[in-house]
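Visitor: Residue numbers (my numbering), protein chains in the order written: chain A, 2 to 340; chain B, 2 to 340; chain C, 2 to 340; chain D, 2 to 340. Even glycine gets a Cβ: it sits at the ideal position worked out from N, Cα and C. Only a predicted model underlies this, so the values are computations on that prediction, with no experimental measurement involved. Handing you this structure, nothing more for now.
4 protein chains.
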Amino acid sequence: MIVAMQEGASEDQIQKVIERLVNMGFEVHRSTGTLQTVLGAVGARSDFDIRDIEVISGVAEVHRISAPYKLAGRSFRPEGTVIKFKNGVTLGGNQVHVMAGPCSVESRAQLFAVAEAVQRSGATFLRGGAFKPRSSPYSFQGLGLEALKLLREAGDKSGMLVVSEVMEISQIELMAPYVDMYQVGARNMQNFNLLRELGKARKPVLLKRGIAATIEELLLSAEYLMAGGNYEVILCERGIRTFETYTRNTLDISAIPIVHKLSHLPIVADPSHGTGRRDKVSPMGRAAVAAGADAILVEVHNEPEKALSDGAQSLYPEQFARLMDELRMIAPAVGRKLA
Amino acid sequence: MIVAMQEGASEDQIQKVIERLVNMGFEVHRSTGTLQTVLGAVGARSDFDIRDIEVISGVAEVHRISAPYKLAGRSFRPEGTVIKFKNGVTLGGNQVHVMAGPCSVESRAQLFAVAEAVQRSGATFLRGGAFKPRSSPYSFQGLGLEALKLLREAGDKSGMLVVSEVMEISQIELMAPYVDMYQVGARNMQNFNLLRELGKARKPVLLKRGIAATIEELLLSAEYLMAGGNYEVILCERGIRTFETYTRNTLDISAIPIVHKLSHLPIVADPSHGTGRRDKVSPMGRAAVAAGADAILVEVHNEPEKALSDGAQSLYPEQFARLMDELRMIAPAVGRKLA
Amino acid sequence: MIVAMQEGASEDQIQKVIERLVNMGFEVHRSTGTLQTVLGAVGARSDFDIRDIEVISGVAEVHRISAPYKLAGRSFRPEGTVIKFKNGVTLGGNQVHVMAGPCSVESRAQLFAVAEAVQRSGATFLRGGAFKPRSSPYSFQGLGLEALKLLREAGDKSGMLVVSEVMEISQIELMAPYVDMYQVGARNMQNFNLLRELGKARKPVLLKRGIAATIEELLLSAEYLMAGGNYEVILCERGIRTFETYTRNTLDISAIPIVHKLSHLPIVADPSHGTGRRDKVSPMGRAAVAAGADAILVEVHNEPEKALSDGAQSLYPEQFARLMDELRMIAPAVGRKLA
Amino acid sequence: MIVAMQEGASEDQIQKVIERLVNMGFEVHRSTGTLQTVLGAVGARSDFDIRDIEVISGVAEVHRISAPYKLAGRSFRPEGTVIKFKNGVTLGGNQVHVMAGPCSVESRAQLFAVAEAVQRSGATFLRGGAFKPRSSPYSFQGLGLEALKLLREAGDKSGMLVVSEVMEISQIELMAPYVDMYQVGARNMQNFNLLRELGKARKPVLLKRGIAATIEELLLSAEYLMAGGNYEVILCERGIRTFETYTRNTLDISAIPIVHKLSHLPIVADPSHGTGRRDKVSPMGRAAVAAGADAILVEVHNEPEKALSDGAQSLYPEQFARLMDELRMIAPAVGRKLA
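Right under this line is the structure:
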């Protein structure tokens with residue numbers, strides 16, 4: 002932490018700040034110039050609140066000098082994390098993966114039709130929602146356990162890995178036999194109770210960025226998972242809220258190279274939620290791979306116009322097939338290969 | 002819902018949209034002008050996704066014409082909701098209330114010192130956190146059940162009502178004997194599982210606005226609680242994220258008159274979280290009452306510089322006393338009285 | 002400037018950064034801890050781009066430790082700036098002022114009717130737009146010079162000072178005989194060519210905050226004016242863009258106490274543009290005064306429903322009179338008096 | 002415009018709204034359902050303020066049903082606009098162009114070195130700033146006319162077209178002999194006086210999106226230029242302000258497909274300003290082309306560490322060459338070819 006005292010701060014004020022820093026466990030370096038005194042506070046703790054210093058009289062500004070996360074930081078594992086799944090699939094390495102499926106599992110027929118179609122086009126992960134509490138209390142809420150069983154069956158049949166969203170602690174156990182990766186939704190990115198429990202799980206977690214979260218906050222949530230012992234964390238950019246109203250969210254493509262710089266964890270982009278409109282999904286999916294994403298997550302539905310949720314952002318199977326072809330051309334431009 | 006077709010949309014395109022709307026259960030009114038056809042769709046459902054229509058070919062724009070909430074809307078109870086607490090205190094009426102206390106309950110001595118001070122200055126509700134999962138996994142996490150017992154005891158001793166935050170479903174039962182009102186934090190505003198369970202509780206709920214939530218989204222979360230049968234909902238503006246970095250959040254004072262117009266529910270402002278800095282709490286607390294808030298929620302600590310959380314935004318007891326005096330002068334300007 | 006090197010940065014990397022800082026004219030203090038080296042760079046220049054250091058290899062983070070403005074900062078004039086107008090009116094002192102008038106000057110009859118009404122209720126400044134280039138090229142564009150003459154005449158007749166918006170350099174001279182204060186609109190807050198010329202003017206300037214500007218950026222624009230020699234700068238909060246769509250903008254009331262802390266310049270709030278809706282103007286005007294604003298700026302129209310611009314946010318004269326009565330009750334709560 | 006009356010609005014209220022709409026020149030279609038009356042107002046005008054209707058008593062909600070722009074809309078020229086430059090270069094067609102050069106023209110040697118390098122790698126437009134008023138009044142302000150002459154000379158020598166920023170009306174004439182395209186910066190996107198004059202110019206205009214502007218606002222600014230008679234408008238996405246602080250701005254890649262849907266005008270992306278950091282420029286430049294951009298605008302400097310402005314976001318010539326190679330691989334994935 003760096004504390005810049007106000008010009009003209011008194012020696013007494015400076016001493017009070019030093020004392021406080023020492024009490025907080027920091028080692029303090031003082032540097033007094035002609036105009037201003039600056040204090041450098043170095044130490045092992047990262048859980049302090051810089052406002053505690055900011056409000057002391059005579060203090061002009063305070064800055065952290067270290068990231069508030071450790072395990073999620075690039076320097077913890079400079080070579081990058083590669084996550085290995087049971088069937089030998091690896092995420093974070095040279096291959097670019099595509100995770101696809103319907104927003105919600107609606108029926109056996111629907112799920113198997115979609116699964117078959119996306120697998121044929123090259124998807125390696127099957128996604129589908131089982132629990133769907135929605136922003137309106139009057140909407141379809143998901144098939145629950147039945148959906149999980151169908152996902153497992155469809156995944157096994159098609160040779161795809163299964164990913165589905167976990168929304169509360171009680172579902173962790175329930176989902177364990179059926180999924181290969183837990184997904185944490187944007188609204189739960191800072192549900193720290195849930196993150197703590199998932200930190201004890203022994204399965205990879207796909208952690209989505211909150212709609213108003215900074216990348217630092219996303220990495221701090223990853224830190225929660227990792228601090229609990231689960232190092233298999235995959236980050237996911239799924240769109241942030243901006244002033245633009247034409248799209249539902251604004252997919253922050255720049256998050257991809259930023260995460261690759263700040264962290265060793267793989268990063269996935271979700272152009273479906275990131276735009277909310279079918280005709281924007283393919284351009285943004287291509288952009289994500291061109292920017293270096295390790296995977297993309299795409300909603301596909303065999304009959305989007307009849308979908309019970311998010312039909313407007315689901316690709317038709319033939320659109321998905323075309324997108325896959327485009328991605329095959331783009332991946333080599335970033336030195337990679339579509340899985 | 003209003004559907005504006007593109008200029009030059011074909012009759013076939015128009016018929017397809019009408020058909021879809023009828024299938025969704027709407028009654029459709031068509032109005033064809035020289036340039037453009039506009040369809041008005043009226044019906045009882047409010048849980049549709051307007052994007053399902055937006056993506057149909059030939060459609061230019063789609064707008065909802067009714068709020069997606071009903072029970073939380075002003076027209077449901079035009080005279081406004083007044084919530085009565087066991088000791089006769091009413092919220093939403095002519096009196097302006099102040100809810101005060103420490104961010105976290107840290108010890109018996111701390112809580113009782115603060116409670117005694119704020120009650121003496123005129124506070125009618127005692128607030129204090131029992132469960133404190135924090136954005137860093139390495140920080141103080143709260144005293145839990147012990148904190149709840151201390152809150153009850155301090156509330157009873159001082160004659161104040163008790164409010165504390167509930168963070169997961171399992172805590173609803175646990176907290177019931179100790180609190181007079183549940184608080185739902187900003188991060189849980191869209192934790193629909195939690196809201197659904199609180200809808201079955203028989204205690205008032207103070208629902209905080211999410212940091213990037215619109216007022217419509219806040220009202221839709223209130224709808225969740227009310228749809229479950231709990232009509233004693235109090236809304237709370239606690240600051241939204243903006244580009245301004247000087248304060249932690251930007252307290253949206255305009256949310257107060259907006260909520261009063263759109264909804265019948267009482268609205269409270271939290272200038273402590275809304276600014277994150279002690280010296281901004283009093284000006285913003287005064288502003289909230291001047292704008293018509295039904296209550297304000299203020300963090301007070303007997304020794305803020307030793308607080309285990311949010312000390313930087315906690316008032317000293319003497320600052321709080323001065324604020325109360327200022328509020329006594331302002332309330333009459335809006336035709337009200339400090340409780 | 003503080004430069005935190007990455008953990009494990011090499012001595013060579015550290016030396017390159019020091020060299021660069023010295024070349025930029027800084028005096029460098031080095032502090033090497035067990036984990037990390039931190040460099041403090043102190044100097045008189047404030048016009049550097051911290052990204053020039055951020056991109057050097059081995060650098061983890063860079064922070065400014067001094068505000069990029071000097072003249073506009075509180076420490077330049079700790080006692081605060083009080084601006085004296087020709088008729089003895091002072092802004093920034095103990096009195097709270099109200100500036101009122103129509104959005105656009107539309108006709109002699111309209112302006113004089115409004116001027117008479119607002120003066121009777123206690124306004125001390127008359128506002129009115131002469132040049133109105135609008136976001137649609139097809140809208141009313143203002144009366145220009147004729148409006149300025151009418152404003153002067155109405156101001157003189159009623160004993161009010163005149164304020165009107167200047168939009169380009171060529172208007173500075175043109176407006177000089179007619180106005181007592183130039184207003185710079187939100188869209189021109191960073192029109193540095195205009196600011197530089199206004200810095201040479203010998204009249205006060207009311208500088209509005211841009212809709213996406215931080216307070217630091219607002220102060221930096223004030224610095225432009227002051228660097229040119231014009232120290233009579235009044236800042237104006239007029240609403241920022243947020244995700245809330247119910248209001249046109251979100252009036253950031255917290256900007257008032259923040260400006261008072263960071264700067265010595267007076268701060269005015271504009272609840273008319275800040276909300277865009279007539280029924281929100283009075284609550285927000287009251288809130289601004291309760292938070293310590295030195296003045297408020299309010300649009301009033303004798304027949305808002307016939308206004309050529311911004312009628313929806315203009316108060317009726319009788320609403321304005323009521324607001325003035327409310328402000329008279331609130332000002333004493335902050336130790337002030339309505340002028 | 003669509004006006005939804007409140008449930009229970011009186012016949013008298015409805016008649017008042019209809020009367021007002023008719024006075025505004027609209028043809029009104031009324032549709033009264035069991036709960037609610039909805040009015041459709043159709044007409045040729047696009048310069049109304051919907052708030053004028055919103056504030057009438059009994060009105061629940063008002064929506065525009067037509068875009069406030071006409072000439073800039075896709076339906077004005079469904080086949081898309083292709084802009085032809087004097088040397089036969091076309092923008093908006095099958096070819097993807099790259100515009101490159103230094104942020105500021107600093108010297109003859111610098112400009113020619115950069116021009117030669119970017120032309121060799123395949124750039125077809127040379128960019129460079131002549132006028133550089135900066136956010137700090139104490140920074141380098143540009144070489145002015147001398148820069149323009151150097152740009153022309155370097156452009157002619159290398160066979161590249163020249164683009165440079167125009168900042169005020171008086172510069173339009175001055176720049177005319179030297180540039181092939183005017184650039185309007187983000188801060189001037191709503192400088193309507195400047196846009197009106199550029200509408201009379203007979204040269205293409207590259208119009209940058211403001212940092213907090215919606216795409217609709219960008220198109221409305223394009224409308225200003227076109228309403229003045231200049232149909233050669235190229236839009237430019239250059240990053241918007243978001244909560245993310247790691248990058249200077251967030252490049253909104255989704256603006257590319259959105260503009261292609263809503264408008265017939267070509268769209269360019271500026272990954273240099275859009276990120277503010279050299280190491281993010283190439284990933285975002287690739288993403289822009291993958292999403293369908295008609296061109297990208299890139300800052301390149303022969304010695305970025307000595308640049309007088311924006312050195313931190315300027316590519317080294319060899320980085321630029323590599324980016325061009327990557328773009329050559331990506332363009333075919335969207336059915337295009339690098340020029």
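(1) Give a yes or no on whether the minimum CB-CB distance between D:R52 and chain C is below 8 Å.
(2) Please name the residue or residues paired with B:Q184 in a DSSP beta bridge.
(3) Alpha carbon to alpha carbon, how far is C:R188 from C:A68?
(4) What residue range is occupied by the uninterrupted alpha helix (DSSP H) comprising A:F1?
(5) Using a Cβ cut-off of 8 Å (strictly closer), state whether B:I212 contacts chain A.
(6) Comparing alpha-carbon positions, which option in C:R279, C:G143, C:A202 lies nearest C:A228?
(7) Just checking, does the segment 47-58 of chain D make contact with the segment 307-317 of chain C on the three C-beta pairs under 8 Å criterion?
(8) Assuming A:E8 contacts A:L36 (C-beta within less than 8 Å), just tell me the rounded distance between them.
(9) Which ranges does the beta strand (DSSP E) cover as unbroken runs of at least 3 residues, wholly within the segment 6-53 of chain D, from first to last along the chain?
(10) List, in order along the chain, the chain D residues whose C-beta lies closer than 7 Å to that of C:N194?
(11) Using 8 Å as the limit for Cβ to Cβ distance, is D:G74 near chain C?
(12) Please report the residue range of the alpha helix (DSSP H) in which C:Q111 lies.
(13) Between B:I254 and C:L328, how many whole angstroms is the CB-CB distance? I'm expecting something under 8 Å.
(14) Consult DSSP for A:A131 and reduce its assignment to one of helix, strand or coil.
(15) With a threshold of 8 Å between beta-carbons, can C:S255 be considered close to chain B, or not?
(16) Using the rule of at least 16 other Cβ atoms within 10 Å of the residue's Cβ for burial, across every protein chain shown, is A:P267 buried or exposed?
(17) Since I believe B:V164 is in contact with B:R128 (beta carbons under 8 Å), could you give me their beta-carbon distance rounded to a whole number of angstroms?
(18) By a C-beta neighbour count over all protein chains shown, 10 Å radius and 16 as the cutoff for buried, is A:P205 buried or exposed?
(19) Using DSSP with H/G/I as helix, E/B as strand and the rest coil, what is C:M2?
(20) Cutting at 6 Å between CB atoms, please list the residues of its own chain near B:E245, excluding the five before and the five after it.
(21) Any beta carbon from chain B within less than 8 Å of A:E55's own beta carbon?
(22) Can you tell me whether DSSP reads B:H261 as helix, strand or coil?
(23) Just to confirm the assignment, what range does the alpha helix (DSSP H) spanning A:Q172 have?
(24) Could you name the residues that DSSP lists as bridge partners for B:L236?
(25) With a threshold of 7 Å on Cβ separation, who are the neighbours of D:H302 within its own chain once the five nearest residues in sequence on each side are excluded?
(26) Helix, strand or coil for C:A61, going by three-state DSSP, please let me know.
(27) Work out the CA separation of C:N95 and C:G336 for me, nearest whole Å.
(28) Along the beta strand (DSSP E) that carries D:F300, what are the first and last residues, could you check?
(29) Check each candidate in D:E154, D:A334, D:M176 and name the one with the smallest Cα separation from D:A345.
(30) Alpha carbon to alpha carbon, how far is B:A289 from A:G200? Give it in angstroms, no decimals.
(31) Any contact of the segment 266-284 of chain C with the segment 19-31 of chain D, i.e. 3+ C-beta pairs under 8 Å?
(32) Which term fits A:P272, buried or exposed, when burial requires 16 or more other beta carbons within 10 angstroms of its beta carbon?
(33) Can you pull the chain C neighbours of D:R278, defined as C-beta to C-beta under 8 Å?
(34) Can you tell me which residues form a DSSP beta bridge with B:G74?
(35) Would C:M168 pass as a contact of C:Q120 if the rule is Cβ separation under 8 Å?
(36) Going by CA-CA distance only, name the one from B:A10, B:I216, B:I297, B:G81 that's closest to D:S76.
Guide: Short version:
(1) So, interface residue.
(2) Note: B:Q184 sits in a beta bridge opposite B:E166, B:L207.
(3) Looking at the two C-alpha atoms, the distance is approximately 23 Å.
(4) For residue 1 of chain A there is no data in the structure shown, the boundaries of chain A being 2 and 340.
(5) Yes - at least one Cβ of chain A is within 8 Å of the one on B:I212.
(6) The residue among C:R279, C:G143, C:A202 with its C-alpha nearest the C-alpha of C:A228 is C:A202.
(7) Judged by pairs of C-beta atoms under 8 Å, the segment 47-58 of chain D touches the segment 307-317 of chain C, as three or more such pairs exist.
(8) Right, their Cβ atoms sit about 5 Å apart.
(9) The segment 6-53 of chain D contains these whole beta strand (DSSP E) runs: 28-33, 38-43.
(10) Residues of chain D whose Cβ lies closer than 7 Å to the Cβ of C:N194 are, in chain order, P134, M168, E169.
(11) Output row for D:G74: interface = no.
(12) Counting along the chain, the unbroken alpha helix (DSSP H) around C:Q111 starts and ends at 109-122.
(13) Their Cβ separation, rounded to whole angstroms, is 16 Å, which puts B:I254 and C:L328 out of contact at 8 Å.
(14) If DSSP states are grouped into helix, strand and coil, A:A131 belongs with coil.
(15) Yes, C:S255 lies at the interface with chain B (some Cβ there is under 8 Å from its Cβ).
(16) Classification of A:P267: buried, given that the 10 Å Cβ count is 16 or more.
(17) So it is a contact: roughly 5 Å between Cβ atoms.
(18) Buried is the call here.
(19) In this structure, C:M2 counts as coil in the three-state DSSP scheme.
(20) The beta carbon of B:E245 lies closer than 6 Å to those of T251 in the same chain, with the five residues before and after it left out.
(21) At least one CB atom of chain B sits nearer than 8 Å to the CB of A:E55.
(22) DSSP places B:H261 in helix when its eight states are reduced to three.
(23) For A:Q172, the enclosing alpha helix (DSSP H) covers residues 171-176.
(24) Paired residues: B:L208, B:I268.
(25) Cβ neighbours of D:H302 beyond the five flanking positions: P103, V115, A308, G312, S315.
(26) DSSP places C:A61 in strand when its eight states are reduced to three.
(27) Those two C-alpha atoms are separated by around 8 Å.
(28) Reading the sequence as shown, one finds Glu at residue 300 of chain D and not Phe. Per DSSP, D:E300 belongs to the beta strand (DSSP E) from 296-300.
(29) With chain D represented from 2 up to 340, any question about residue 345 of chain D goes unanswered, as that position is not in the structure.
(30) Approximately 41 Å between the Cα atoms of the pair.
(31) Taking 8 Å as the limit for Cβ pairs, the verdict is that the segment 19-31 of chain D does not touch the segment 266-284 of chain C.
(32) Buried, by the Cβ-count rule.
(33) Those are R52, E55, V56, listed as they occur along chain C.
(34) DSSP, once it has assigned bridges, lists B:S264 as partnering B:G74.
(35) In this structure, C:Q120 does not lie closer than 8 Å to C:M168 by Cβ.
(36) D:S76 has its Cα closest to that of B:A10, out of B:A10, B:I216, B:I297, B:G81.
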